[in-house]
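Colleague: Residue numbers (this note's numbering): 600 to 883.
Below is the structure:
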């Protein structure tokens, strides 16, 4: 939820900069549009449908999706959104996914017996973080932790936001979003940013939502620790000393369902090498 909150606020603040810098679209204006009439609110919604007008007067719909990790059914879901907006607006529709975490199985084309649809995937980890900072697009600095950069670059993005001429309310939202996305890079870095700018972040509505979410995640964290310990105990009982690389990989998993699936496989596999192969697949 925290990444959804951060993404939404960044689109509100800097949608033109996102379109220009990440997608290469020079725009005259861009506005979030209402996706669905009230009678169809039960249908799944595109994250950020934008009506974009370019400098030549042309119009298009850009369906902007933010994804922490790749999901195999995502192209099919986007096809649903594509058809809905094409039917409603009769304009060119361009689906775009900004993908935060590295994944080897990204599919940029959906194709079956009768349909072929291409979507643009922006792999955030391939973007040069230094180049993004030097662009001067302050509204995009919260994305820096997701790019190819060093932790010091993230801290510089923090300093530049804080010292910018933006309104204080906008600064607080940008700094909060920066800290949130830093959590995908390092929990320690995220905590450092929150502690460093707490005086201004507490003014952001997003900060209060994240703070409340933190209480709920505290409960979930205890469950995750139990699941990790159980998996490592099974491996140790069956195969003896567990290599540090496997221990560290297991401790880096933050989804209970993934840990439960690995536990079932750990009980059945015949060797530690077999389990390590299963673990690598689960972490892709």
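Ideal placement from N, C-alpha and C gives every residue a C-beta, glycine not left out.
In the DSSP assignment, find the unbroken alpha helix (DSSP H) run with residue 604 in it and report its ends.
Modeller: Per DSSP, residue 604 belongs to the alpha helix (DSSP H) from 601-622.
Colleague: Check the C-beta distance from residue 864 over to residue 877 and give it rounded, since I have them as a contact under 8 angstroms.
Modeller: Right, their Cβ atoms sit about 5 angstroms apart.
Colleague: Runs of 4 residues minimum, wholly inside the region 661-734: which ones carry the alpha helix (DSSP H) assignment?
Modeller: Correct list: 673-688, 728-733.
Colleague: Does the Cβ-Cβ distance between residue 752 and residue 779 come in under 8 angstroms?
Modeller: The answer is no: Cβ separation not under 8 angstroms.
Colleague: In whole angstroms, what separates the C-alpha of residue 870 from that of residue 672?
Modeller: Approximately 32 angstroms between the Cα atoms of the pair.
Colleague: For a test of the three-state rule: what should DSSP assign to residue 784, helix, strand or coil?
Modeller: Coil.
Colleague: In this structure, does DSSP put residue 804 in helix, strand or coil?
Modeller: In this structure, residue 804 counts as helix in the three-state DSSP scheme.
Colleague: Terminal residues of the continuous beta strand (DSSP E) containing residue 652?
Modeller: Here the beta strand (DSSP E) through residue 652 covers 647-653.
Colleague: Considering Cα atoms alone, identify which of 700, 701, 720 is closest to residue 708.
Modeller: Of the listed residues, the one whose Cα sits closest to residue 708 is 720.
Colleague: For my contact list, residue 668 and residue 702 are in at a C-beta cut-off of 8 angstroms; report their separation, rounded to the angstrom.
Modeller: Indeed, because the Cβ distance is near 6 angstroms, the residues count as touching under 8 angstroms.
Colleague: By Cβ distance, which residues of its chain are closer than 6 angstroms to residue 874, with the 5 residues on each side in sequence left out?
Modeller: Correct list, in chain order: 865, 868.
Colleague: With burial defined as no fewer than 16 other Cβ atoms inside 10 Å of the residue's Cβ, what is the status of residue 782: buried or exposed?
Modeller: Its Cβ being crowded by 16 or more others within 10 Å, residue 782 is buried.
Colleague: Quick check: residue 740 and residue 796, are their CB atoms within less than 8 angstroms of each other?
Modeller: The answer is no: Cβ separation not under 8 angstroms.
Colleague: Once the 5 residues before and after residue 769 are set aside, which same chain residues still bring their CB inside 7 angstroms of it?
Modeller: 612, listed in sequence order.
Colleague: Can you give the Cα-Cα distance for residue 749 and residue 687, rounded to whole angstroms?
Modeller: About 44 angstroms.
Colleague: Which word fits residue 771, buried or exposed, when buried means at least 16 other C-beta atoms lie within 10 angstroms of its C-beta?
Modeller: Under this definition residue 771 is a buried residue.
Colleague: Looking at the unbroken alpha helix (DSSP H) that takes in residue 766, where does it start and where does it end?
Modeller: Element bounds for residue 766: n/a, residue is neither H nor E.
Colleague: What's the call for residue 785, buried or exposed, on a 16-neighbour Cβ count within 10 Å?
Modeller: Exposed, because fewer than 16 other Cβ atoms sit within 10 Å of the Cβ of residue 785.
Colleague: Indicate whether residue 826 and residue 805 have their beta-carbon atoms separated by less than 8 angstroms.
Modeller: Contact: no.
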